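Engineer: With the sequence shown counted from 1, adding 3 to any position gets you the working numbering.
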Amino acid sequence: MINRYLALISYSSILLYYFLRLRDFMKFGEVLTLSQKSIYSAEISIMDKYRNYYFTLWNFILQIIFLLLSIINESSELASIKTFQVPLNRIRSLLFYGLVFPGTLVVTSTFWTIWNIDEGLILPRDVVQYFPPVLNHTLHTLIIIPLVIQTLLEKKNEMVLFRKVAPLLVTYILAYAFVYIFIYSQQGVWLYPFFNVLNWPQRIGYGIFNVILALTYQKIGLSLQKVRKTNNQEQEFRKVE
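1. DSSP three-state call for E244: helix, strand or coil?
2. Please tell me whether N199 and W193 are closer than 8 Å, where the distance is taken between their beta carbons.
3. Can you tell me where the alpha helix (DSSP H) holding M29 begins and where it ends?
4. What separation, rounded to the nearest whole angstrom, lies between the Cα atoms of V89 and G191?
5. From the DSSP output, in three-state form, read off D121 for me.
6. Using only alpha-carbon positions, find the residue among M162, G224 and Y14 that is nearest to V109.
7. Three or more beta-carbon pairs under 8 Å between the stretch 169-177 and the stretch 215-223, yes or no?
8. I need the DSSP call for F185, collapsed to helix, strand or coil.
9. Could you check what DSSP says for V109 in three-state terms: helix, strand or coil?
10. Determine the closest residue to Y14 out of P136, E80 and P149, with distance taken between C-alpha atoms.
11. Measuring only the C-alpha atoms, how far is I186 from K30?
12. From T141 to V182, what distance separates their C-alpha atoms?
13. On the DSSP letters alone, give me the boundaries of the alpha helix (DSSP H) that T141 sits inside.
14. Between the stretch 129-147 and the stretch 45-65, are three or more C-beta pairs nearer than 8 Å?
15. Taking only three categories from DSSP, how would you classify L177?
16. For the alpha helix (DSSP H) containing I75, name the first residue and the last one.
17. Helix, strand or coil, according to DSSP, for N199 in the structure here?
18. Could you check if P105 is buried or exposed, using at least 16 other CB atoms within 10 Å of its CB as the buried criterion?
19. Following the continuous alpha helix (DSSP H) through I94, name the residue where it begins and the one where it ends.
20. Three-state secondary structure (DSSP) at V163?
21. Please confirm whether I74 and L18 have their CB atoms less than 8 Å apart.
22. For L227, collect the residues of the same chain with a Cβ closer than 6 Å to its Cβ; drop the 5 residues on either side in sequence, then sort them by chain order.
Structural data, given as C-alpha cells:
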C-alpha cells in the first residue's frame, strides 16, 4: 500500500514537470524567432520544423503516456476498482518493457556518448549554444528516473516475456527509421548531424547497432523484472514461515 502511494506521488510530480518542459521544447523555435532573429539560422529552422520527428521526443511522449497509465493504474488499485486493474497493469508492463525502458536507455547512452565526442554531431551547432541545459538534461538524463522508480516499485505479479515485447520494439525502431529516412529523401536533411559524416554502409551499420543495443537494454530490463519477482517471492515465503 505504501509503495502505491509513493508511486502515485512520484509519477504525478514527474508528469507535471514533464508537461512544463514539453511546453518549453515546443516553444523553443518560437522563442528564438521572436527574440533572437539574428541567430535564427537554417539549422535552427530545421530543428524547429521537424521537432516532432526526433527520436528523443518520441521517447519523451512515450514516457508521458506511461506515466499517465501508471497514475490511473495506481489510483484504480488504491480505490479498489478491479474492473480496470488487470488490463491497465498489463498494458503498463508491455509499454514499459517493450518501449520505455529500452528506448530511454538508447536515448541517454547514445546522446551523451556522441555529445561528449562533439556536441555539434548530435545537435545542430547553432542550436547547442541556445538550447537550455535544463531542457537538455530533462530530455536526455532525468528520463532515467521513471525507470528507476518503476523497477524499485515493481509489482510481483507483473511478468513480460522477451518474445512478446521484442517484436514491438523492433517494429517501433524500424518505423522511426522509415520516417527518418523519408524526411531525408524528401527534404535532403538529416535531423541528427552526425549522419552527414557517415556513408551509407556506416548509416546502415549504425541502424543495425541501434536495434541490437535496444534489444540488449530490453533484455536487461526483463532480467531486473525476474530478479525483482524472485525477491518478492522469497519475502512472501518468509512471511508464510
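Ideal placement from N, C-alpha and C gives every residue a C-beta, glycine not left out.
No experiment lies behind these values; they were computed from the predicted model shown.
Structural biologist: In short, the structure shows the following:
1. Here E244 scores only 34 on pLDDT, less than 50, and its place in the model is too uncertain to base an answer on.
2. yes
3. That run of the alpha helix (DSSP H) goes I5 to M29.
4. 46 Å
5. coil
6. G224
7. Cβ pair count under 8 Å is three or more, so yes.
8. Note: F185 maps to helix in three-state DSSP.
9. helix
10. P149
11. Rounded to the nearest angstrom, the two C-alpha atoms are 22 Å apart.
12. Their backbone Cα atoms lie some 24 Å apart in a straight line.
13. P136 to H143
14. Inter-segment contact for the stretch 129-147 and the stretch 45-65 is present: three or more beta-carbon pairs are separated by less than 8 Å.
15. helix
16. F58 to L81
17. N199 falls in the helix class under three-state DSSP.
18. buried
19. K85 to L98
20. coil
21. yes
22. T154
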